[in-house]
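Protein chains in written order, with numbering that gives the first Met the number 0: chain A, 0 to 477; chain B, 0 to 320; chain C, 0 to 321.
Don't be surprised by glycine CBs; every beta carbon is placed ideally from N, CA and C.
Note that this is a predicted model, so its numbers are computed, not measured.
Accompanying notes for the structure given below.
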Amino acid sequence: MAMNLRESLKEFWRLNVSKVGLIFLSMLILASIYVVASYPLDFGVRYWNNPSYWADYPKSAPPAWVNLISSEKAPEHYVLTYTKPSNITLTGTERKLSYIFEIDFQADRPPSFISFTILDITYHERPSTVKLSVLRPDMKNIEVYSFIVSGPYLGEEPPYRRYYDQPKRISITGDMLTATALSRFLYREYNVTLRPSEVNSIGQHKILFSIPVRDREFKVLKGQYIFTIDVYTYNPNDEVGEVTLVIGGEVYGVMGTDSLGRDLFIGLLFGFPVALFIGIVTSTITTLLGAGLGIVGGYLGGRVDEVIQRIADFINNIPLLPFLIFLAFILGQNIWILVFLLVVFGWPTLTIIVRSMVLQLKSGQFIEAAISIGAPRWWIMFKHIFPQVAPFIFAQLIFFTPTFILLEAALSFLGLGDPTLPTWGQILEYGFRSGGIYVGLWWWIIPPGILIIWTAITFVLIALGMEPVVNPRLRKIK
Amino acid sequence: MALLEIVGLKLFYKSLRGIVRAVDNISFQLDYGEALGIVGESGCGKTSLANAIMKTLPSNIDKYEGKILIEGVNIVELTEEEVRRKIRWKMISMVFQGAMNVLNPVIRVGLQIAEPLIIHAGMNKDEAYSIAREKMKLVGLHEELFNRYPHELSGGMKQRIVIAMALVMNPKIIILDEPTSALDVSIQAQIMNLLKRLKKELNLSMIFITHDIALASDISDRIAVMYAGQIVEIGLAEQILLSPKHPYTQKLLKATPRLRGEEKPDFIPGTPPDLVNPPSGCRFHPRCPYVMEICREREPLDFELERNWRTKCWLYGGEHG
Amino acid sequence: MDRELIKLEDIKMYFQSRVGLFKTIPIKAVDGVSVSIVKGEALGIVGESGCGKTTLARISLRLLKPTSGRIFFEGKDITDVDEKELKWFRRRAQAVFQDPYSSINPFMTVREILEEPLILHKVGDRTERLELISKALADVKLTPIEEFLGKYPHMLSGGQRQRVGIARALILKPDYIAADEPVSMIDASSRAEILYLLKELQEKYGIAFLYITHDIATAKHFSNRIAVMYLGKIVEIGGSRELVNDTLHPYSHALIEAVPEPDPSNRLRERRVLVGEPPSPANPPRGCRFHPRCPYRFEPCDKDEPELKEVKKGHSVACYLY
Ligand SMILES: Nc1ncnc2c1ncn2[C@@H]1O[C@H](COP(=O)(O)OP(=O)(O)OP(=O)(O)O)[C@@H](O)[C@H]1O
Ligand SMILES: Nc1ncnc2c1ncn2[C@@H]1O[C@H](COP(=O)(O)OP(=O)(O)OP(=O)(O)O)[C@@H](O)[C@H]1O
Ligand code: SF4
Ligand SMILES: [Mg+2]
Ligand SMILES: [Mg+2]
């Protein structure tokens, strides 16, 4: 018996699987909306697959929360950025812009490096001076580094703009100036003699974050560090774009990083809309195409049907994965090509099922009744046949979705995904390819796997919940 | 003592909509060699009555009570095991509605006839097969059909097979539930002739269920008219067919189109009653042309018109009405 | 002679039925039938299951193209006309189907079901259409009308559904209606009600009516003429009363003899019945198709097929006895 929409929804909602499925689905959708609203669409090319963007990030770092479960605390990674100074001090025409970074350092090991970057400085008269100093938890202050922005070129007119296309990156670690400053600092405060070259080989960042104990041995100093970057300007129109301090750590963020230093959390998050997009768009197109061809072929019969069936049989008999790999390889790796390929290989199954349902419906008296009142063929297909198979088609749409998400993951995993978009399959693939799995980079391998499975399960749960809604009608047709 | 005596039989089902009162306080008797026709509209409870007598009940039973005495033994009180051992197929058997369409398609029909003999009566194969052949002959089927599959037989032949299956253990009573409604009239007439012969030759008692009162007249010595789970009139075929008393029986007869004679068929206006919420008082009152005040309020009693002829209608209530 | 509205001329319909892998054999569902119906007349077609009644009805509506033979509607040959050019015919010829459960779309309301033909044939605007729908519902006595307009088929009883089916057939004011066993799925006690309704409307609007049934008794009461079919052929045709009271063909005799009437003396005698069952239409017997079962057969019967010939005014039979 036909159910109306209200009854169908009620029937659907009755089952727990449906409820869980819907909750999962709304989580997926919310995450996707968040991503689409807050990330640039060219995120893939501009950031994800741009190694210089991740230069400041630790490589293959586990998530920060592993510190909660390991006995020795690894230093966390900080990337701290200011676009506005924290403080401005005026003395005559001189303006000091201070960028103050406070870091509560509680790790058992020193950071792995320290660097800072300046982006886009503009001056009009005198070049600006940049200074980095650190106030340690023991209240000792160190002038670590300073430099003067390069002066005007011959014939250059103000304003003078510097570092706007490529930021100026200063690595404290490995810097001889800093080594000299630290060498002096050690001698002055602890009476320890270390030549700058020795400081350099121990590591500037290590010495900055510790106190010497015995000969050439250092103990990490925990507590509040205040990094101050002062930019001295000499004209009211001088400007500073962005100042970033990076304290290299061994753990990073919620999800850790991969071997290129990419923040997996961001990549995985970006994977949500991509997975949903591929799943839903592909399955919608596939379902519409498959059902449409099934209805047309089944109802019209004859030559049209013959051709559709032949093609469907042909495609159905091609071993899917090898052929997809081959085609993706030839046609190139682009999400639209991928969707296209998945559709091409997806529709025949549905066409065959829908066709057989239509063949049964076609012999029903209401079709003959429609013909006898003069209904044209398209009318019959649209008004009389489609509504009867619609619930089944809708269920298939939902059922196809995880299939396509998994297929995309599989293709990405084989290195055939769209390189301009991070997908879970690709993250997984890169993890495997760069050997992440062999060296135990679990945070790189497990989450994308779980997300893929979770998304697939979401749709399977919804499909299960729809079963009792759709099936009585199927039985009626059969 | 009658062969079969049914007293106050009730069979109610549980359903989503409520209790379905499919068999509601039915009583009648059946004698040796007698055929009783049970006639009524679709859904009035005919099949349910047959199932109640056979004790082949579905699982959603709400109430099953009353007396079904076969030669004095009350099967309502017997266990399923006892019914299977002593009663079903041996004393009383049934040709189920549509049974010819549910023959096992992959077993030769002869074996399907012999099967109960081997399984229930523990006979050896040869003995069972020879009885099966004999029963096939009895129902007018050639022995060479023994090895055919159901789809190789016509509708009429399949119906004969089903009848042979019911006769295989020589029951005294056979219940036939719409045995010919899927067949063409000429085949139907052949089957009816067969039933008449069996009745005479085997002195078989029959309960013949049909929605077609004309067809019932073809075999029944007595006819019971059912309406909404109850017997509203029961009597000899002559009494029921020639001078029907209950308004429903009268209407039913008038609704039967006559081939001979000019009388135009009539129809019963309104819709058949709902067995979950049957009408108050007399269940026929919403469709009855003679409805009176009392009909709406009180359920009519069984009024005896003559010996063995009674009806449930206030028109015949005399002092009650 | 009255003007023939619909005329079938030597219609043959052979279906190809596959036997085994490569072989097909023709099923001669209808094998040379000529019949016509005049305006306002009701023709009953009776016969046993598989004799080709439904096939004939479908051909008369051009829902099937016959293997050979011609279909004329008001003198126009519509046998091979393209479906697109047939719209005028679709408007004037309608069908009532056997199964009230499967002949109407369960996803449409009564109103939508009845509006569909009007929309397809661009009849009236919305309000005019509603008027016509109300009138059709009143015609088939589905009142109060407002109550039924919004109902879905599953909220209706079998009889009510069949009335919707009849209203759908009537709404375009057709000249011809073919009804294929319109009451066989309806409870016996309500059948006559639907038949009276059909007859009343048929007479009121002067519709030519093809009534297909296996129940010769109702055919007698509800049609002017009866044609008896056996294995794809008409074996006898004549005025209903005359055909029943003065039956000619042995098969018609047997058919009539087999119909029980409520008579207590029935049980005391065996009926005279035909032996065996009708042969398969794939392989009809030669000569008279009925001869293997005929109690009166004589020499010519198994040689050539007897022609349908008029033996009395308006009463024809295909049998060598006449
Ligand atoms: N197992 C069941 N559970 C609930 N209701 C049932 C069951 N079997 C039958 N019914 C209902 O009981 C009523 C009587 O059914 P039954 O099959 O006995 O009627 P019937 O007179 O044999 O009808 P028909 O002529 O159509 O065979 C019907 O309303 C039917 O829907
Ligand atoms: N589309 C078809 N393809 C093949 N054979 C068919 C087709 N339609 C009908 N037949 C066969 O043609 C013969 C006549 O069928 P038809 O349906 O016309 O009979 P009928 O007289 O209407 O029977 P019934 O009383 O059972 O409805 C039957 O043998 C049937 O199996
Ligand atoms: S009891 Fe009343 S309502 Fe019922 S049948 Fe008799 S007269 Fe009609
Ligand atoms: Mg029944
Ligand atoms: Mg038919």
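Which of the three DSSP states is assigned to residue i in this structure?
i: residue 201 (chain C); result: helix
i: residue 23 (chain A); result: helix
i: residue 221 (chain A); result: coil
i: residue 282 (chain A); result: helix
i: residue 281 (chain C); result: coil
i: residue 519 (chain A); result: Beyond the ends of chain A as shown, which are 0 and 477, falls residue 519 (chain A); an answer cannot be given.
i: residue 158 (chain C); result: helix
i: residue 160 (chain A); result: strand
i: residue 191 (chain B); result: helix
i: residue 159 (chain B); result: helix
i: residue 207 (chain C); result: strand
i: residue 304 (chain B); result: strand
i: residue 86 (chain A); result: strand
i: residue 122 (chain A); result: strand
i: residue 464 (chain A); result: helix
i: residue 128 (chain A); result: strand
i: residue 112 (chain A); result: strand
i: residue 260 (chain C); result: coil
i: residue 371 (chain A); result: helix
i: residue 51 (chain A); result: helix
i: residue 9 (chain A); result: helix
Count the other CB atoms, across all protein chains shown, that sit within 10 Å of the CB of residue i; report buried if there are 16 or more and exposed otherwise.
i: residue 366 (chain A); result: buried
i: residue 182 (chain A); result: buried
i: residue 445 (chain A); result: exposed
i: residue 229 (chain C); result: buried
i: residue 245 (chain B); result: buried
i: residue 330 (chain A); result: exposed
i: residue 15 (chain C); result: exposed
i: residue 85 (chain B); result: exposed
i: residue 427 (chain A); result: buried
i: residue 188 (chain B); result: buried
i: residue 387 (chain A); result: buried
i: residue 12 (chain C); result: buried
i: residue 157 (chain A); result: exposed
i: residue 5 (chain C); result: buried
Note down, in chain order, every chain C residue with its Cβ under 9 Å from the Cβ of residue i.
i: residue 7 (chain A); result: The premise fails here: residue 7 (chain A) is roughly 12 Å from chain C at the closest Cβ pair, so nothing lies under 9 Å.
i: residue 367 (chain A); result: 57, 60, 62, 94, 96, 102
Interface residues of chain A around residue i at Cβ under 7 Å?
i: residue 314 (chain C); result: Those within 7 Å of residue 314 (chain C) in chain A number zero; the least Cβ separation is about 32 Å.
i: residue 89 (chain C); result: 371, 372, 373
Run down chain C in chain order and give the residues with a C-beta less than 8 Å from the C-beta of residue i.
i: residue 234 (chain B); result: Under the 8 Å cutoff, chain C gives no residues; its nearest Cβ is about 11 Å from residue 234 (chain B).
i: residue 191 (chain B); result: 259, 270
i: residue 364 (chain A); result: 96, 97, 98, 101, 102
Using the beta-carbon of each residue, which ones in chain A are nearer than 8 Å to residue i?
i: residue 116 (chain C); result: 372, 373
So which residues of chain C does residue i contact, with C-beta pairs closer than 7 Å?
i: residue 259 (chain B); result: 260
i: residue 290 (chain A); result: Going along chain C, no residue has its Cβ under 7 Å from residue 290 (chain A), so there is no contact; the nearest lies around 16 Å.
Report the neighbours of residue i on chain B: residues whose CB is nearer than 7 Å to its CB, in chain order.
i: residue 216 (chain C); result: 256, 257, 258
i: residue 255 (chain C); result: 258
Mind listing the chain B neighbours of residue i? Cutoff is C-beta to C-beta under 8 Å, in chain order.
i: residue 219 (chain C); result: 256, 258
i: residue 156 (chain C); result: 270
Give the residues of chain B in contact with residue i, contact being defined as C-beta atoms less than 9 Å apart.
i: residue 190 (chain C); result: 254, 256, 264, 266
Can you confirm whether residue i, when its beta carbon is compared against all beta carbons of chain E, has any partner nearer than 8 Å?
i: residue 37 (chain C); result: Looking for chain E here will not work: the only protein chains present are A, B and C.
Tell me, to the nearest whole angstrom, how far the beta carbon of residue i is from that of residue j; I am working on the premise that it is less than 8 Å.
i: residue 107 (chain A); j: residue 220 (chain A); result: So it is not a contact: roughly 11 Å between Cβ atoms.
Scan the segment 10-93 of chain B and note each continuous beta strand (DSSP E) run of 3 residues or more that stays entirely inside, going in chain order.
17-29, 34-38, 60-69
Counting only runs that start and end within the segment 184-249 of chain B, where is the beta strand (DSSP E) found for 3 or more residues in a row?
Every beta strand (DSSP E) stretch that sits fully inside the segment 184-249 of chain B and reaches 3 residues is listed by chain position as 204-209, 221-226, 229-235.
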